[in-house]
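K.L.:
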Amino acid sequence: MLLMVNKIKLLILTVFVAAISVTPTVIFAETETVTLTATVNVALALTISSANYSFGSLIPGSPVKGSGGIDVFVETSAPNGYTLAIHDSVGGTDSALLHSDATTRIADFTSTIASPSVWSSGTSKGLGLTVYSADTSKEAKWGTGTTYNDANNAYVAVPQTASIIHSSAGYKAGIDTTSIAFILDVPPSQKTGNYSGTTIITATAVLE
Amino acid sequence: MKKLLFFMPLAAGLCTFLAMSFLGYGPQKESQAATDTVTVSATVLAYLSFSITAGDTVAFGDLTPGTEECYATGTVATVSTNAANGYTLGVHDGSGTDSPMTHTDTTTKIPDVDNSGTIASPATYGASNIGLGIGLYASDTTKEGVWGTGTTVCDTNNKYAVIPATATTAHTAGGGPKSADTSSWSFKLDVANTQKTGSYSGDVTFTATEVLS
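Heads up: the sequence lines are chains S and Z, in that order.
Positions 980 to 1187 (the working numbering) are the ones given, in order, by the first sequence.
Positions 18 to 230 (the working numbering) are the ones given, in order, by the second sequence.
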């Protein structure tokens, strides 16, 4: 009997020792962090849907508007958006449209960027510019037109030096589009022939 | 004569005693010896030490949209472990489709690289790509082929991947104990023209895990 009790004690002790001898499986893992920093500089990209705006043949007294407007696309990282300006580097009351004689020009329309006016067919003359659509808050002064040939568009002369025609405020996460169009009529005295010229569109980022 | 007869037996007995003692047949001294053994045992536990030994700050500096930047100092992850099967190195940034790089406005983020590269299948970072990418360009233990054939931090043959939101194994260093085993990582970044100007920052986390079996 005593021998049996001792064997049971030994068995219990063996089981206990076995239990505390198990080596736990520990998986070691450590983490470290790497800090990345960058300062993004301002960027601005300007593209236009077409580099040509053709009026075709023109009969004095009958205004022409071409066959479609020009979309001006601006991408910028500027926190406060951008401004869009235009000029033709031609002084006085002349437009950029120069006769092939290299002397004769078609006149500017009379209204200024500060105060565009609706085109009066048969009365208004010269080369006029309008902003008929903008992704970001088209200015009311450009009239209520929504297409390139809308009669409710208001027009201005293209100035000699760059002048802002549209301000697109606020950060843009994508491409911001502004649409412009031209109109043209000439007096009966305008010399016949081919005219051409260049207007320059400038987008400027607004940082502050 | 009587004296001689007395000492002769005595001398003979003494000589006999000495001879027997010399030959090992003399009286024996009693001696005792015992042996025992001590068993020495120990269990060496798993061990792993991990640190970023270079490039723990990746400062791209001024970034011009459209001009990709490769940070010229590699980030070196150094691991020592006694694990029999080496270790794995995971990487994550806790951010989904965007990188961890957040503007000071706390909202705007720089996206992950848009080259369709994943940790499982990194891709070349092309001139038209934007976003943050990570690439493995060197390792002491068998650089995985998916990371391209580049050997330096800004090697054009490096391949880059999106940094995943959750820890994903990006490198496995198999085999025996490792002592200061390194893997070297490259970061590349470009942004779109519309990426908001300003300062961005964020953390990328590396995790080294030993492989026991």
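Just so it is clear, CB atoms sit at the ideal spot from N, CA and C, and this is done for glycine as well.
What do you get for Leu62/Z, buried or exposed, if any count of 16 or more other CB atoms within 10 angstroms of its CB means buried?
P.N.:
Translated into the one-based positions of the second sequence, residue 62/Z becomes position 45. With fewer than 16 other beta carbons inside 10 angstroms of its own, Leu62/Z counts as exposed.
K.L.:
Cβ of Gly1149/S less than 7 angstroms from any chain Z Cβ?
P.N.:
Translated into positions along the first sequence, residue 1149/S becomes position 170. No, its Cβ sits nowhere closer than 7 angstroms to a Cβ of chain Z.
K.L.:
Along the region 202-221 of chain Z, where does the CB come closer than 9 angstroms to a CB of chain S? Name the residues.
P.N.:
The region 202-221 of chain Z vs chain S, Cβ under 9 angstroms: Trp202, Phe204, Leu206, Val208, Ala209, Asn210, Thr211, Gln212, Lys213, Thr214, Gly215, Ser216, Tyr217, Ser218, Gly219, Asp220 and Val221.
K.L.:
Report buried or exposed for Asp1080/S, applying the criterion of at least 16 other Cβ atoms within 10 angstroms of its Cβ.
P.N.:
Within the first sequence, residue 1080/S is the residue found at index 101, counting from 1. When all chains shown are included, Asp1080/S counts as exposed.
K.L.:
Listed in chain order, which residues of the region 47-79 of chain Z have Cβ atoms closer than 9 angstroms to some Cβ of chain S?
P.N.:
Thr60, Leu62, Ala63, Tyr64, Leu65, Ser66, Phe67, Ser68, Ile69, Gly72, Asp73, Thr74, Val75, Ala76, Phe77, Gly78 and Asp79
K.L.:
Could you check what DSSP says for Leu981/S in three-state terms: helix, strand or coil?
P.N.:
If you number the first sequence from 1, residue 981/S lands on position 2. Low per-residue confidence applies at Leu981/S: pLDDT is 45, beneath 50, and the placement is therefore not dependable enough to give any value.
K.L.:
From the DSSP output, which residues share a beta bridge with Leu1025/S?
P.N.:
Here the question's residue 1025/S lines up with position 46 in the first sequence. Answer is Val1053/S.
K.L.:
Quick check on Glu161/Z - is its C-beta less than 7 angstroms from some C-beta in chain S?
P.N.:
The sequence position of residue 161/Z within the second sequence is 144, counting from 1. Chain S contact via Cβ: absent.
K.L.:
Quick one: Cα of Ser112/Z to Cα of Ala182/Z, how far?
P.N.:
Mapped onto the second sequence, residue 112/Z falls at position 95. Mapped onto the second sequence, residue 182/Z falls at position 165. In a straight line, the C-alpha of Ser112/Z is about 5 angstroms away from that of Ala182/Z.
K.L.:
Checking the sheet assignment: what are the DSSP bridge partners for Trp202/Z?
P.N.:
Residue mapping note: residue 202/Z aligns to position 185 of the second sequence, counting from 1. Among the bridge pairs identified by DSSP, Trp202/Z is matched with Thr92/Z and Leu153/Z.
K.L.:
Using a C-beta cutoff of 7 angstroms, does Thr1062/S count as contacting chain Z?
P.N.:
For the purposes of this step, residue 1062/S is identified with residue 83 of the first sequence, where counting begins at 1. With 7 angstroms as the cut-off, Thr1062/S does not count as an interface residue toward chain Z.
K.L.:
Quick one: what's Ser1147/S bridged to in DSSP?
P.N.:
Numbered from 1 along the first sequence, position 168 holds the residue referred to as residue 1147/S. For Ser1147/S, which the question treats as bridged, DSSP gives the partners Tyr1061/S.
K.L.:
Are the C-beta atoms of Glu227/Z and some chain S residue less than 7 angstroms apart?
P.N.:
To locate residue 227/Z, count along the second sequence from 1; it is residue 210. So, interface residue.
K.L.:
Please report whether the beta-carbon of Pro82/Z lies at a distance below 7 angstroms from any beta-carbon of chain S.
P.N.:
Here residue 82/Z refers to the residue found at position 65 when the second sequence is read from its first residue. So yes, Pro82/Z belongs to the interface.
K.L.:
Which residue wins for smallest C-alpha separation from Lys974/S, given the options Lys1044/S, Tyr1032/S, Thr1055/S and Val1069/S?
P.N.:
For chain S, the structure presents residues 980 to 1187; residue 974/S sits outside this window and is missing.
K.L.:
What's the gap between the Cα of Tyr1111/S and the Cα of Gly72/Z?
P.N.:
Residue mapping note: residue 1111/S aligns to position 132 of the first sequence, counting from 1. Residue mapping note: residue 72/Z aligns to position 55 of the second sequence, counting from 1. When rounded, the distance between both Cα atoms is 53 angstroms.
K.L.:
Counting only beta-carbon separations shorter than 7 angstroms, does Thr1002/S have a partner in chain Z?
P.N.:
Your numbering for residue 1002/S matches position 23 in the first sequence. The pLDDT assigned to Thr1002/S is 42, lower than 50, so where the model puts this residue is not dependable; a value taken from the coordinates is nonetheless given after this. By this cut-off, Thr1002/S is an interface position.
K.L.:
Would you kindly report the start and end of the unbroken beta strand (DSSP E) that includes Thr1171/S?
P.N.:
Taking the first residue of the first sequence as position 1, residue 1171/S is located at position 192. Careful: Thr1171/S lies outside any beta strand (DSSP E) and carries neither H nor E.
K.L.:
Return no unless some Cβ of chain Z is closer than 7 angstroms to the Cβ of Phe1007/S.
P.N.:
Here residue 1007/S refers to the residue found at position 28 of the first sequence. True, the Cβ-Cβ gap to chain Z drops below 7 angstroms.
K.L.:
So that I know if they touch, is there some Cβ in chain Z lying closer than 7 angstroms to that of Pro1095/S?
P.N.:
Working through the first sequence from its first residue, we reach residue 1095/S at position 116. No, Pro1095/S lies away from the interface with chain Z (no Cβ there is under 7 angstroms from its Cβ).
K.L.:
Considering Phe1161/S, what are the terminal residues of the beta strand (DSSP E) in which it resides?
P.N.:
As a working mapping, residue 1161/S is identified with position 182 in the first sequence. Per DSSP, Phe1161/S belongs to the beta strand (DSSP E) from Asp1155 to Asp1164.
K.L.:
Does the region 125-135 of chain Z come close enough to the region 88-100 of chain Z to have 3 or more Cβ pairs within less than 8 angstroms?
P.N.:
no
K.L.:
Cα separation between Tyr1174/S and Leu1077/S?
P.N.:
Taking the first residue of the first sequence as position 1, residue 1174/S is located at position 195. Taking the first residue of the first sequence as position 1, residue 1077/S is located at position 98. Tyr1174/S and Leu1077/S: Cα-Cα distance of roughly 5 angstroms.
K.L.:
Could you confirm whether any beta carbon from chain S is found closer than 7 angstroms to the beta carbon of Thr189/Z?
P.N.:
Taking the first residue of the second sequence as position 1, residue 189/Z is located at position 172. So, not an interface residue.
K.L.:
I believe Ala1075/S touches Asp1067/S by the beta-carbon criterion, under 8 angstroms. Please report the beta-carbon distance rounded to the nearest angstrom.
P.N.:
Residue mapping note: residue 1075/S aligns to position 96 of the first sequence, counting from 1. Residue mapping note: residue 1067/S aligns to position 88 of the first sequence, counting from 1. That belief holds up - the Cβ atoms of Ala1075/S and Asp1067/S are roughly 4 angstroms apart, short of 8 angstroms.
K.L.:
Work out the CA separation of Ser196/Z and Trp164/Z for me, nearest whole Å.
P.N.:
The count along the second sequence starts at 1 and reaches residue 164/Z at position 147. The count along the second sequence starts at 1 and reaches residue 196/Z at position 179. Taking the straight line joining both Cα atoms gives about 23 angstroms.
K.L.:
So, are the CB atoms of Thr1012/S and Asp207/Z less than 7 angstroms apart?
P.N.:
Reading the first sequence from its first residue, position 33 is the one you call residue 1012/S. Reading the second sequence from its first residue, position 190 is the one you call residue 207/Z. Not closer than 7 angstroms, so no.
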